[in-house]
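Peer 1: Protein sequences appear in the order of chains A and B. The numbering used here applies: residue 1 is where the first sequence begins, and numbers increase by one. The numbering used here applies: residue 1001 is where the second sequence begins, and numbers increase by one. By construction, the Cβ of each residue, glycine as well, lies at the ideal position given by its N, Cα and C atoms. Remember, predicted model here, so these are calculated numbers, not experimental data. The following block contains the structure, expressed as structure tokens.
There are 2 protein chains.
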Amino acid sequence: MFNKETEYALRGLVYVQFQQMLGHKPGIVEVAREIEAPLFYTGKILQRLVKMGFLMSTKGKGGGFYFDTTKPDLPLKTVVQAIEGDKTYAGCGFGLKECGDENPCPLHEQFAPIRAAINKLIGQNTVQSLAHDFRKGGTILGL
Amino acid sequence: MFNKETEYALRGLVYVQFQQMLGHKPGIVEVAREIEAPLFYTGKILQRLVKMGFLMSTKGKGGGFYFDTTKPDLPLKTVVQAIEGDKTYAGCGFGLKECGDENPCPLHEQFAPIRAAINKLIGQNTVQSLAHDFRKGGTILGL
DNA sequence: TTATTAAAACACCAAAAGGTCTTTTAATAT
DNA sequence: ATATTAAAAGACCTTTTGGTGTTTTAATAA
């Protein structure tokens, strides 16, 4: 579905938010271990998320990653869009730029409801809502 | 949705089948032009499809690509699977190997119906059915 | 004020995806 | 037979993705 960077980013963000709910500010080593993603790559991705403004961080002792609680909840779609663009949830199955309701590819009509469902899913679910679900147990973030 | 190779392959296959319905056996140059894909890359992809047994070809004068009409219709899923595996229509949104009904990621339940719909779509539609639709007009294969 | 800690910055590397081009082989029409 | 045509084979090349590692900077606790 999504590329590796997006997958690690989503899992990492949900994990950080989950820890924040517990009053903890995790660092790169902890996040990478818990979401079972490559250590250095996870660090790079978290830092990119900070630069993109999705996440905050502090250096030094007691440092780590956390969310600005004054900001609104973060929809998955916003993160996906920022990392890999809209190719996953928009765009034609045949790769045609002109494909649309007026000028459809042979799959367009059948694909439209699926695309709409994906859009809805990643537009409505947020890092916060998923962290909340995760906290209640029954879901996993690693392996 | 799909990667470039898959997109060009699907468009190319549908175009070849469409031409076959008209009693014509197109070559690389014609296919690449009509589906508006890179010439040499299209050639490479069509040749791969021949090696994979999805398509037939003859060299020399009057040569080109065509389908073995004694074979059953070719579902898109078979082509997609052969080129890029099942990552697009199977697998977890969070990239977790263990994710499933027993051990779900936070998105699993919501994603399940979408994956099922994609599976159905590419499992039911075939190169032949799309070529038939294309022949009736109203759909495009290029741009 | 100086160790210590942890993120930021940056350099680098490997594999895969996407794409181009030339040479070889096979079919066919003359 | 041979010229012509068109696919097959294969050698490269570029960009993107995925990943690793070291050095620098900033925060804090002692």
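Here's a check: name, in chain order, each residue in its chain whose Cβ is nearer than 6 Å to the Cβ of Asn1119 of chain B, leaving out the five neighbours to either side.
Peer 2: Here residue 1119 of chain B is taken as the residue at index 119 of the second sequence, counted from 1. Within the same chain, Asn1119 of chain B has close Cβ partners Tyr1089.
Peer 1: Determine the extent of the alpha helix (DSSP H) in which Gly123 of chain A is found, giving its start and end residues.
Peer 2: In the first sequence, residue 123 of chain A corresponds to position 123, counting from 1. Unbroken alpha helix (DSSP H) run through Gly123 of chain A: His108 to Gln124.
Peer 1: Which parts of the stretch 37-94 of chain A are runs of the beta strand (DSSP E), unbroken and 3 residues or longer, counting only runs that do not cross its ends?
Peer 2: DSSP runs (the beta strand (DSSP E)) wholly in the stretch 37-94 of chain A: 56-58 and 64-66.
Peer 1: Would a check of beta-carbon distances place Ala9 of chain A closer than 8 Å to chain B?
Peer 2: Against the first sequence, residue 9 of chain A aligns to sequence position 9. No, Ala9 of chain A does not count as interfacial toward chain B.
Peer 1: Leaving out five residues on either side along the sequence, give the residues of the same chain with a beta carbon under 6 Å from the beta carbon of Leu1143 of chain B.
Peer 2: Residue mapping note: residue 1143 of chain B aligns to position 143 of the second sequence, counting from 1. Closer than 6 Å at the Cβ level, and outside the excluded window around Leu1143 of chain B, lie Glu1036.
Peer 1: Counting beta carbon pairs with one atom in the stretch 1061-1068 of chain B and one in the stretch 1022-1034 of chain B, are three or more of them shorter than 8 Å?
Peer 2: Judged by Cβ distances under 8 Å, the stretch 1022-1034 of chain B makes contact with the stretch 1061-1068 of chain B, as three or more pairs qualify.
Peer 1: What residue range does the alpha helix (DSSP H) around Leu130 of chain A cover?
Peer 2: Mapped onto the first sequence, residue 130 of chain A falls at position 130. Leu130 of chain A -> alpha helix (DSSP H) spans Val127 to Arg135.
Peer 1: Drop a sphere of 10 angstroms on the beta-carbon of Pro72 of chain A, count the other beta-carbons inside from all chains shown, and report buried for 16 or more, exposed for fewer.
Peer 2: Residue numbering aside, residue 72 of chain A sits at position 72 when the first sequence is read from its first letter. Label assigned to Pro72 of chain A: exposed.
Peer 1: Drop a sphere of 10 angstroms on the beta-carbon of Lys1077 of chain B, count the other beta-carbons inside from all chains shown, and report buried for 16 or more, exposed for fewer.
Peer 2: Your numbering for residue 1077 of chain B matches position 77 in the second sequence. Its Cβ being crowded by 16 or more others within 10 Å, Lys1077 of chain B is buried.
Peer 1: Drop a sphere of 10 angstroms on the beta-carbon of Pro104 of chain A, count the other beta-carbons inside from all chains shown, and report buried for 16 or more, exposed for fewer.
Peer 2: Translated into the one-based positions of the first sequence, residue 104 of chain A becomes position 104. The residue in question, Pro104 of chain A, is buried, as its Cβ has 16 or more Cβ neighbours within 10 Å.
Peer 1: Please check if any C-beta of chain B sits within less than 8 Å of the C-beta of Gln110 of chain A.
Peer 2: Counting from 1 along the first sequence, the entry for residue 110 of chain A is found at position 110. True, the Cβ-Cβ gap to chain B drops below 8 Å.
Peer 1: Quick one: give me the first and last residue of the alpha helix (DSSP H) that Leu13 of chain A is part of.
Peer 2: Here the question's residue 13 of chain A lines up with position 13 in the first sequence. It spans Lys4 to Met21 - the alpha helix (DSSP H) in which Leu13 of chain A sits, taken as one unbroken run.
Peer 1: Can you confirm whether the stretch 130-140 of chain A touches the stretch 1040-1060 of chain B when touching is taken to mean that 3 or more C-beta pairs between the two stretches lie within less than 8 Å?
Peer 2: The stretch 1040-1060 of chain B vs the stretch 130-140 of chain A: no contact.
Peer 1: Is there at least one Cβ from chain B nearer than 8 Å to Asn103 of chain A's Cβ?
Peer 2: Translated into positions along the first sequence, residue 103 of chain A becomes position 103. Judged by the 8 Å Cβ criterion, Asn103 of chain A is in contact with chain B.
Peer 1: Between the alpha carbons of Phe213 of chain A and Gly1093 of chain B, how many angstroms are there, rounded?
Peer 2: Since the first residue of chain A shown is 1 and the last is 143, residue 213 of chain A is not available in this structure.
Peer 1: Between the Cα of Gly1095 of chain B and the Cα atoms of A:Gln19, A:Gly100, A:Leu39 and A:Leu141, which residue gives the shortest distance?
Peer 2: Position 95 of the second sequence holds residue 1095 of chain B. Ranking A:Gln19, A:Gly100, A:Leu39 and A:Leu141 by Cα distance to Gly1095 of chain B puts A:Leu141 first.
Peer 1: May I have the straight-line CA-CA distance separating Gly12 of chain A from Arg48 of chain A, to the nearest angstrom?
Peer 2: Here the question's residue 12 of chain A lines up with position 12 in the first sequence. Here the question's residue 48 of chain A lines up with position 48 in the first sequence. Looking at the two C-alpha atoms, the distance is approximately 12 Å.
Peer 1: Taking only beta-carbon positions, decide if Thr139 of chain A is within less than 8 Å of chain B.
Peer 2: Position 139 of the first sequence, counted from the first residue, corresponds to residue 139 of chain A. Yes, its Cβ sits closer than 8 Å to a Cβ of chain B.
Peer 1: Could you tell me if Ala116 of chain A is buried or exposed, where buried requires 16 or more neighbouring beta carbons within 10 angstroms of its beta carbon?
Peer 2: Counting from 1 along the first sequence, the entry for residue 116 of chain A is found at position 116. Classification of Ala116 of chain A: exposed, given that the 10 Å Cβ count is below 16.
Peer 1: Quick check on the burial criterion: 16 or more other C-beta atoms within 10 angstroms. Buried or exposed for Gln124 of chain A?
Peer 2: Within the first sequence, the letter at position 124 stands for residue 124 of chain A. Gln124 of chain A is exposed by the Cβ-count criterion.
Peer 1: When you compare only the Cα positions, how much space is there between Lys1051 of chain B and Leu1107 of chain B?
Peer 2: The sequence position of residue 1051 of chain B within the second sequence is 51, counting from 1. The sequence position of residue 1107 of chain B within the second sequence is 107, counting from 1. In a straight line, the C-alpha of Lys1051 of chain B is about 38 Å away from that of Leu1107 of chain B.
Peer 1: Beta-carbon separation of Val79 of chain A and Leu10 of chain A under 8 Å?
Peer 2: Residue 79 of chain A sits at position 79 when you count from the first residue of the first sequence. Residue 10 of chain A sits at position 10 when you count from the first residue of the first sequence. Against a cut-off of 8 Å, the Cβ pair of Leu10 of chain A and Val79 of chain A comes out as a contact.
Peer 1: 8 Å is my cut-off, CB to CB: does Val14 of chain A come that close to chain B?
Peer 2: To locate residue 14 of chain A, count along the first sequence from 1; it is residue 14. Yes, Val14 of chain A counts as interfacial toward chain B.
Peer 1: Kindly list, in the order they appear in chain A, the residues whose Cβ is closer than 9 Å to that of Glu1030 of chain B.
Peer 2: Working through the second sequence from its first residue, we reach residue 1030 of chain B at position 30. Per Cβ cutoff of 9 Å: no residues; Glu1030 of chain B is ~18 Å from chain A at best.
Peer 1: Let's test the definition: count the other Cβ atoms within 10 Å of the Cβ of Phe40 of chain A and tell me whether it reaches 16, buried, or not, exposed.
Peer 2: Taking the first sequence and counting its residues from 1, the one referred to as residue 40 of chain A is at position 40. Counting Cβ neighbours within 10 Å, Phe40 of chain A comes out exposed, since fewer than 16 surround it.
Peer 1: Using the beta-carbon of each residue, which ones in chain B are nearer than 8 Å to Glu149 of chain A?
Peer 2: Given a span of 1 to 143 for chain A in the structure shown, any question on residue 149 of chain A remains unanswerable.
Peer 1: Contact check, Thr1006 of chain B vs Pro1075 of chain B under 8 Å by CB: the rounded distance?
Peer 2: Locating residue 1006 of chain B in the second sequence gives position 6, counting from the first residue. Locating residue 1075 of chain B in the second sequence gives position 75, counting from the first residue. Not really, about 13 Å apart at Cβ, beyond 8 Å.
Peer 1: Hey, would you say Ile1114 of chain B sits closer than 8 Å to Ile114 of chain A, going by beta carbons?
Peer 2: Start at 1 with the first residue of the second sequence, and residue 1114 of chain B comes out as number 114. Start at 1 with the first residue of the first sequence, and residue 114 of chain A comes out as number 114. Yes, they are a contact pair.
Peer 1: Using a Cβ cut-off of 9 Å, pull out every chain A residue sitting near Asn1125 of chain B, in sequence order please.
Peer 2: Counting from one through the second sequence, the residue named residue 1125 of chain B turns up at place 125. Under the 9 Å cutoff, chain A gives Pro106, Leu107 and Gln110.
Peer 1: Quick one: residues in its chain with C-beta nearer than 7 Å to the C-beta of Phe18 of chain A, no 5 flanking neighbours on either side, listed in chain order?
Peer 2: The residue you call residue 18 of chain A lines up with position 18 of the first sequence. Closer than 7 Å at the Cβ level, and outside the excluded window around Phe18 of chain A, lie Ala131, Phe134 and Arg135.
Peer 1: If we define contact as Cβ-Cβ less than 8 Å, is Ala1117 of chain B a contact residue for chain A?
Peer 2: Sequence index remark: in the second sequence, residue 1117 of chain B carries index 117 (1-based). Judged by the 8 Å Cβ criterion, Ala1117 of chain B is in contact with chain A.
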